[in-house]
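Undergrad: Would you mind keeping the following structure in view while I ask a few things?
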Amino acid sequence: MSGVASTTAGPRPGVSLGWVALALPPAAFLAVFFVWPVGAIVAQGLDGAAVAEVVTDPGLRGVAWFTLWQAALSTALTLVLALPGAYVLARYDFRGRRVVRALVTVPFVLPSVVVGAAFLGLLGRGGPLAGLGLDQSVAAVLIAHAFFNYAVVVRTVGGLWAHLDPRLEEAARVLGATRWRAFRRVTLPLLRPAIAAAGSIVFLFCFTSFGVVLVLGGPTRATLEVEVYRQTAQLLDLRTAAALTLVQLAAVVALVAVHARAQRRRAGSLRLRPADEVLVRPRGRQRSFLVANLVLMAALLGIPILSLVERSFAASGGGYGLASWRALSTSRRGSTLFVSPLEALGNSLTYATGATAIALVVGGLAAFAVARHTSLAARGFDVLLMLPLGTSAVTVGFGFLIALDRPPLDLRGSAWLVPIAQALVATPLVVRTLVPVLRSVDDRLKEAAATLGASPWRVVREVELPLVGRAMLVGAGFAFAVSLGEFGATVFLARPDRPTLPVAVVRLLGQPGPLSLGQAMAMSTILLVVTVVAMLAIEGRRVGEVSEL
Amino acid sequence: MTPRSPLAALLVTAALVLAACGGDGDEEATGATETSTSTGGDGDVTLRLVTHDSFAASEEVLDAFTEDTGIGIELVAVGDAGTVVNQAILTKGNPLGDVLFGIDNTLLTRALDEEIFEPYESELLADVDEAYLLDPEHRVTPIDHGEVCLNYDRAFFEESDLEVPDDLDDLTDPAYRGLTVVENPATSSPGLAFLLASIDRYGEDGWQTWWSDLRDNDVLVTAGWEDAYYGSFSGGSGEGDRPIVVSYASSPPAEVVFADPQPDESPIGVVEASCFRQVEAAGILAGTEHPAEARELIDFLLSVPFQEDIPLQMFVFPVNREAELPEAFIEHAVVPDEPLSLPVDEIGANRERWVDEWTDTVLR
């Protein structure tokens, strides 16, 4: 067991000039595009009395409490359902593994209105699963959250799991540990940083959930996010909105700080292995375990997705046909609202590529900075990086409008705002994917390289980057997926003649008529296919795989 | 060329993307007319029309305006109607555009109080019924009206012994138990309009009793129009099991226009006595650098070509009485003679309180 645990040299506590150089670009990005705009909108309504009112208002306290506990339960459910899935997708070699990995990402990019409609179609009265009695229930919200975030766990945890040396667990088994005990005492502690990272992302997504709670939770349930939206976009009560935003941010800071603490305490370097070596062909009970997980994925993720594809082929008079698909390029042609599926696809890909590039640069630098130090500055920086995930899109959107409206930064109406806003959400995902892996890199390797005369840059390039190449790709895929699916800020910032696929889907759903519904489902199907192809293309590349050390 | 290290690959990708986006930005800087949605002409001035995301018009009609006047139109959409108005208030003094389209009578008061509009009285208002005028000072100009109404599933009522409801009173009759779905006025614009309809119908003292009866009669409340109409309504393209829903007077023609093949009769009908009128208006944003052109744009929005384009584009009705309705509207739409309605300032003064009281009555 001696090679497993942490070495004495952990991350260094001091802040050096090099560290500042690393952290400066991402810090500047966040300062200009997050802290300033959100600060500007909050400052407009800021008022100590309003905060006191919000904190003591029984209705809003109820909302805050519901927001917290549903997010906690959703996170727990997602982890329970998805951890076994992360394991089989990281460890078992079976046909179609990569396609399944790509497919589980699909829910992540679907607009919540579409997911709401899909679940409503299944669970609502008149739906095939109406017998479960889940219509307008918390259970429906939790299941939909698990549906959305399954991929977060598969990616974040699977990314590390795929590189854990299986011999560690085997050794424990040889020494007489049961399978469960070996998992609990050997593998689980090693995975903990990645599980914590996944859990914190899932929690934040559920904490700021909007559409799912509204559509599936019934009219009596609302999250803080819904209240922020109502107060900002509908009532223009900036006082209450600012107070709610501060409450939201405080909760996020508290959560992330606790999480970061837990993660640091357990940080230790691991001996990572190439993913290919770790793969095994499942046999016997492993096979049953694999099948059970595939069945679960099919039920949780497959059924809602298929129901959506099916409805894109439903004909007006019953039966099936291609009318909706044909209408995509003919219906409303010549209208300013018209966008061909190809154009929408092009817009989505352009914006998402830009956002991914920004997120990789900003998030990549930030991850190296965060992983290297345990100083207060580094810890504060880590918390700051996560804040955009816990902030309402409408707050960011309104903030952009009032803060970025004068030279030298007059960006209103600029096509840049869309990828920038998407990158705000994508960056934390890149950071959370990279940090656990970077922290796991054995420091002795870096020290050895340095001793042999390698410059710090060369250490990064030749030791760290090859080791985290895989995680970088996973982070890129993750960033791309979340950018493809981003709706709240995109609908606010994208020019009407350049809508993305999710924006086009929601536009179509705003109109009655069988063709409108069918087209929305067909457009969603395109989004779904694009996601799978993009995931296969990004993550199928072999870049700097871990080599034998 | 295949970059060997992941960092090189990353940097190359980033550089390519930045280059691509940079090109895009330049295009925007060099000529605003080129980036406008719908105008091909080389107008001297391009106006930015700030609107909501369901704004629609024929490119042809907009292009004709640009050819006639040399004024280009660039659309700027910022979310739903509420968002549009509120961002306009927030950016007062440095507005996002020159003209705003899409403010309705349920949201108007606050915008008028904040003085975000410059008054302009179009001569074309002579062709508009006075009932549509929202502001005597002409800070906003009415462009279209749409009615929020109960829609019903024709097939359901043909097969059942029940009569089609012809008044809000019917909905609380035990015979109609569990048949109705409405939207939450706190989160939905048609939901709010329907609440206002009930307040006009039953008065400040009676509406809560009606809603409490409706609640006892098992009304279903959803957050938004999509989940009410597509998720819970049984008529037309709805996939639910309730035959009565709060939607629009124009939903019946939409069910015909957006179907393939198109049916002879719309599968859904409208309960006329339930309709609440929403008037949508446009206004010149104070601070515009092109006030003269902005006035021309307001005139254009009121002119017959644009007015006749409105129904099939946005599924609402023109306010200009000279504008003719398209056939699908003549055949399948209902324009109620005396819709329910409330004065703009009354809505402005009470909206929040009414929504809170509704929430206490129906959801708590």
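Quick mapping for you: the protein sequence lines, in order, are chains V and A. When we follow our numbering, the leftmost residue of the first sequence carries the number 1, and every step to the right adds one. When we follow our numbering, the leftmost residue of the second sequence carries the number 1001, and every step to the right adds one. In this text, a Cβ means the ideal position worked out from N, Cα and C, and glycines have one as well. Please read these numbers as outputs of a predicted model, since none were measured by experiment.
Quick one, are the C-beta atoms of V/Q231 and V/T220 less than 8 Å apart?
TA: To locate residue 231 of chain V, count along the first sequence from 1; it is residue 231. To locate residue 220 of chain V, count along the first sequence from 1; it is residue 220. No. Outside cutoff.
Undergrad: Rounded to whole angstroms, what is the Cα-Cα separation between A/S1274 and A/L1340?
TA: Taking the first residue of the second sequence as position 1, residue 1274 of chain A is located at position 274. Taking the first residue of the second sequence as position 1, residue 1340 of chain A is located at position 340. Using only the alpha carbons, I get a separation of about 7 Å.
Undergrad: Apart from the five residues just before and just after V/A172, which ones in its own chain have a Cβ nearer than 6 Å to its Cβ?
TA: As a first step, residue 172 of chain V is located in the first sequence; it is residue number 172 there, counting from the start. Around V/A172: A182, V186.
Undergrad: If you draw a straight line from the alpha carbon of V/L376 to that of V/D442, how long is it in whole angstroms?
TA: Within the first sequence, numbered from 1, the residue matching residue 376 of chain V stands at position 376. Within the first sequence, numbered from 1, the residue matching residue 442 of chain V stands at position 442. Their Cα atoms are separated by approximately 23 Å.
Undergrad: Taking only beta-carbon atoms, is V/R566 less than 8 Å away from chain A?
TA: The requested residue 566 of chain V does not occur in the structure, where chain V is confined to residues 1 to 549.
Undergrad: Check whether the stretch 1048–1057 of chain A touches the stretch 1092–1102 of chain A, counting contact only when three or more Cβ pairs, one atom from each stretch, lie closer than 8 Å.
TA: These segments touch.
Undergrad: For V/L404 and chain A, any beta-carbon pair shorter than 8 Å?
TA: Within the first sequence, the letter at position 404 stands for residue 404 of chain V. Not one chain A Cβ lies under 8 Å of V/L404.
Undergrad: Curious, which full-length alpha helix (DSSP H) runs of at least 4 residues does the stretch 1240–1322 of chain A contain?
TA: DSSP runs (the alpha helix (DSSP H)) wholly in the stretch 1240–1322 of chain A: 1251–1257, 1291–1302, 1304–1314.
Undergrad: For A/F1329 and A/R1364, what's the separation of their Cα atoms in angstroms?
TA: In the second sequence, the residue the question calls residue 1329 of chain A occupies position 329. In the second sequence, the residue the question calls residue 1364 of chain A occupies position 364. If I take the Cα positions, the gap works out to 40 Å.
Undergrad: I'd like to know if V/D276 contacts chain A, where contact means its C-beta is closer than 8 Å to some C-beta of that chain.
TA: Here the question's residue 276 of chain V lines up with position 276 in the first sequence. No, no contact with chain A.
Undergrad: Given this structure, state the Cα-to-Cα distance separating V/A23 from V/V253, to the nearest angstrom.
TA: To locate residue 23 of chain V, count along the first sequence from 1; it is residue 23. To locate residue 253 of chain V, count along the first sequence from 1; it is residue 253. The alpha-carbon atoms of V/A23 and V/V253 are separated by roughly 19 Å.
Undergrad: Cβ of A/T1106 less than 8 Å from any chain V Cβ?
TA: Reading the second sequence from its first residue, position 106 is the one you call residue 1106 of chain A. Answer no: the Cβ-Cβ gap between A/T1106 and chain V never drops below 8 Å.
Undergrad: Leaving aside the five residues before and after A/I1268 along the sequence, list all residues of the same chain whose C-beta is less than 7 Å from its C-beta, in chain order.
TA: Residue numbering aside, residue 1268 of chain A sits at position 268 when the second sequence is read from its first letter. Answer for A/I1268: N1151, Y1152, D1153, R1154, G1235, G1236, S1251, P1252, E1255, listed in chain order.
Undergrad: Kindly indicate which three-state DSSP category V/V212 falls into: helix, strand or coil?
TA: Walking along the first sequence from the start, residue 212 of chain V turns up at place 212. Of the three classes helix, strand and coil, the one that applies to V/V212 here is helix, per DSSP.
Undergrad: Starting from A/N1151, trace the beta strand (DSSP E) in both directions and tell me its first and last residue.
TA: The sequence position of residue 1151 of chain A within the second sequence is 151, counting from 1. Per DSSP, A/N1151 belongs to the beta strand (DSSP E) from 1141–1153.
Undergrad: How is the beta strand (DSSP E) around A/L1075 delimited, first residue to last?
TA: Numbered from 1 along the second sequence, position 75 holds the residue referred to as residue 1075 of chain A. Segment 1071–1077, the beta strand (DSSP E) holding A/L1075.
Undergrad: Determine the DSSP secondary structure at A/E1183, reduced to helix, strand or coil.
TA: Your numbering for residue 1183 of chain A matches position 183 in the second sequence. It is a strand residue.
Undergrad: Taking the alpha-carbon positions, what's the A/F1365 to A/R1139 distance?
TA: Since the first residue of chain A shown is 1001 and the last is 1364, residue 1365 of chain A is not available in this structure.
Undergrad: Looking at C-alpha atoms only, which residue of V/F203, V/I538, V/A251, V/V532 is the closest neighbour of V/A102?
TA: Here residue 102 of chain V corresponds to residue number 102 of the first sequence, with the count starting at 1. Of the candidates V/F203, V/I538, V/A251, V/V532, the one whose C-alpha sits nearest the C-alpha of V/A102 is V/V532.
Undergrad: At a Cβ cut of 8 Å, what residues of the stretch 1159–1186 of chain A count as close to chain V, listed as they run along the chain?
TA: Going along the stretch 1159–1186 of chain A in chain order, one finds N1184, A1186 with a Cβ nearer than 8 Å to chain V.
Undergrad: Strictly under 8 Å for the Cβ-Cβ distance: is A/T1091 near chain V by that measure?
TA: Position 91 of the second sequence holds residue 1091 of chain A. With 8 Å as the cut-off, A/T1091 counts as an interface residue toward chain V.
Undergrad: How long is the line joining the alpha carbons of V/A194 and V/G85, rounded to whole angstroms?
TA: As a first step, residue 194 of chain V must be located in the first sequence, where it is residue number 194. As a first step, residue 85 of chain V must be located in the first sequence, where it is residue number 85. The straight-line gap from Cα to Cα measures roughly 15 Å.
Undergrad: Using the DSSP secondary-structure output, state which residues sit across from A/E1118 in a beta bridge.
TA: One-based indexing of the second sequence puts residue 1118 of chain A at position 118. According to DSSP, A/E1118 bridges with A/I1284.
Undergrad: Check the C-beta distance from A/W1358 over to A/P1190 and give it rounded, since I have them as a contact under 8 Å.
TA: Working through the second sequence from its first residue, we reach residue 1358 of chain A at position 358. Working through the second sequence from its first residue, we reach residue 1190 of chain A at position 190. So it is not a contact: roughly 14 Å between Cβ atoms.
Undergrad: Taking C-alpha atoms, which residue in A/L1302, A/F1055, A/L1096 lies nearest to A/A1286?
TA: As a first step, residue 1286 of chain A is located in the second sequence; it is residue number 286 there, counting from the start. Ranking the options by Cα distance to A/A1286, first place goes to A/L1096.
Undergrad: Once DSSP output is grouped into helix, strand and coil, what is the label at A/D1345?
TA: Against the second sequence, residue 1345 of chain A aligns to sequence position 345. In the structure shown, A/D1345 sits in a helix (DSSP, three-state: H, G or I).
Undergrad: Select from A/D1260, A/V1182, A/V1335, A/T1187 the residue whose C-alpha is nearest the C-alpha of A/D1380.
TA: An answer regarding residue 1380 of chain A cannot be provided, because it is not within the stretch 1001 to 1364 covered by chain A.
Undergrad: Can you tell me whether DSSP reads A/H1052 as helix, strand or coil?
TA: Numbered from 1 along the second sequence, position 52 holds the residue referred to as residue 1052 of chain A. It is coil, neither helix nor strand.
Undergrad: Taking any Cβ of chain V, which residues in the stretch 1290–1322 of chain A have a Cβ under 8 Å from it, in chain order?
TA: So the list reads Q1313, F1315, given in the order they occur along the chain.
Undergrad: Taking CB distances under 8 Å as the criterion, tell me whether V/P512 reaches chain A.
TA: Position 512 of the first sequence, counted from the first residue, corresponds to residue 512 of chain V. Closer than 8 Å to some Cβ of chain A, the Cβ of V/P512 qualifies, so yes.
Undergrad: For a minimum of 3 consecutive residues, which ranges assigned as the beta strand (DSSP E) are wholly contained in the stretch 1163–1210 of chain A?
TA: Taking only runs of at least 3 residues, the beta strand (DSSP E) segments lying wholly in the stretch 1163–1210 of chain A are 1180–1183.
Undergrad: Under a CB-based cut-off of 8 Å, is A/E1352 close to chain V?
TA: Translated into the one-based positions of the second sequence, residue 1352 of chain A becomes position 352. Yes, because at least one Cβ of chain V sits closer than 8 Å to the Cβ of A/E1352.
Undergrad: Distance, Cα to Cα, A/E1028 vs V/N347?
TA: Taking the first residue of the second sequence as position 1, residue 1028 of chain A is located at position 28. Taking the first residue of the first sequence as position 1, residue 347 of chain V is located at position 347. Any reading at A/E1028 must be qualified, since the residue scores a pLDDT of 36, below 50, and its modelled position is unreliable; no value is offered.
Undergrad: Out of curiosity, what's the CA-to-CA distance linking A/D1024 and V/V109?
TA: Sequence index remark: in the second sequence, residue 1024 of chain A carries index 24 (1-based). Sequence index remark: in the first sequence, residue 109 of chain V carries index 109 (1-based). In this predicted model, A/D1024 has a pLDDT of only 39, less than 50, meaning its place in the structure is not dependable enough to derive any value.
Undergrad: If you run the structure through DSSP and keep just helix, strand and coil, what is A/T1361?
TA: In the second sequence, counting from the first residue as 1, residue 1361 of chain A sits at position 361. Of the three classes helix, strand and coil, the one that applies to A/T1361 here is helix, per DSSP.
Undergrad: Please state if the CB of A/D1144 and the CB of A/E1280 are separated by a distance shorter than 8 Å.
TA: Position 280 of the second sequence, counting from 1, holds the residue named residue 1280 of chain A. Position 144 of the second sequence, counting from 1, holds the residue named residue 1144 of chain A. Yes, the pair counts as a contact, with Cβ atoms nearer than the cut-off.
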